[in-house]
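J.: Here's a structure for you.
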Amino acid sequence: GQNIDQPTEMTATEGAIVQINCTYQTSGFNGLFWYQQHAGEAPTFLSYNVLDGLEEKGRFSSFLSRSKGYSYLLLKELQMKDSASYLCASFEAGNTPLVFGKGTRLSVIA
Amino acid sequence: SAVISQKPSRDICQRGTSLTIQCQVDSQVTMMFWYRQQPGQSLTLIATANQGSEATYESGFVIDKFPISRPNLTFSTLTVSNMSPEDSSIYLCSVKILPHEQFFGPGTRLTVL
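As given, the protein sequences belong to chains U and R, one line each in that order. Everything in the first sequence is counted per this note's numbering, starting at 752 for the first residue and increasing by one. Everything in the second sequence is counted per this note's numbering, starting at 84 for the first residue and increasing by one.
Structure below.
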């Protein structure tokens, strides 16, 4: 089975940097995903990590440590439109579906 | 990537009735899944829709309540049977193209009165 844990809510200021953490315990591990979901919309893919280290994509970066069962999503230069839920997800094997954490609701304030 | 459409986008239903949700993908995909997202919650996997065989259900979900069809590699349906207010959720179709690529449909927002 899989257990994925992330904070429920976070608040950050426009223009700042925020780090959303995710810890996971899985019987098999093939990668760690981050999705963004705005209220009333479907989740959209942000990043995928399978090897240890940092993956950078513009204002968003994602980090993975397989030995620690730990990942984080880093959002820089926060904008109001970044207010959304951020979902951490993993899968056990290539043909298995993603299992999601409970999501972190991020509020960006002026 | 894959373009996924769902019908209906939303519905309001009476207790005890059933609703069938359709999922159409613009390309053939082997792996297709159905998720549920209850208000304020994250996504919970209901089942894997298998083409040509019975769906594989996750713990807590049964075929009698959530029958699934998968007649071909581009289409699937999920039926929510004998609905109760607790079934009010967003139901999302999802496909996996490659191990590291999983996409979601726009969702069907169901309200049961």
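Every residue gets a Cβ at the ideal spot worked out from N, C-alpha and C, and that includes glycine. None of the values given here were measured: they were computed from a predicted structure.
According to DSSP, simplified to helix, strand and coil, what is residue 831 of chain U?
T.: In this structure, residue 831 of chain U counts as helix in the three-state DSSP scheme.
J.: Using a Cβ-Cβ cut-off of less than 9 angstroms, list which residues of the region 768 to 797 of chain U approach chain R; keep chain order.
T.: Cβ contacts with chain R: 781, 782, 784, 786, 788, 791, 792, 793, 794, 795, 796.
J.: Give the DSSP bridge partners of residue 756 of chain U, in chain order.
T.: Its beta-bridge partners are U/774.
J.: Tell me whether residue 807 of chain U sits in a helix, a strand or coil according to DSSP, three-state version.
T.: Residue state, collapsed to three classes: strand.
J.: Closer than 9 angstroms, Cβ to Cβ, to anything on chain C: give me those residues from the region 175 to 187 of chain R, in chain order.
T.: Note that chain C does not occur in the displayed structure, where the protein chains are U and R.
J.: Can you give me the Cβ contacts of residue 808 of chain U inside the same chain, cut-off strictly under 8 angstroms, excluding the 5 residues immediately before and after it?
T.: Same-chain partners within the cutoff: 797, 798.
J.: Do you know how far the Cα of residue 133 of chain R is from the Cα of residue 157 of chain R?
T.: One C-alpha to the other measures close to 11 angstroms.
J.: Is it buried or exposed, residue 759 of chain U, if we count other Cβ atoms within 10 angstroms and call 16 or more buried?
T.: Label assigned to residue 759 of chain U: exposed.
J.: Kindly give me the distance between the Cβ atoms of residue 91 of chain R and residue 191 of chain R, rounded to whole angstroms, as I take these residues to be in contact under 8 angstroms.
T.: About 6 angstroms; that satisfies the 8 angstroms criterion.
J.: Does any CB atom of chain R fall closer than 7 angstroms to the CB of residue 851 of chain U?
T.: Taking Cβ atoms only, chain R reaches closer than 7 angstroms to residue 851 of chain U, which makes this a yes.
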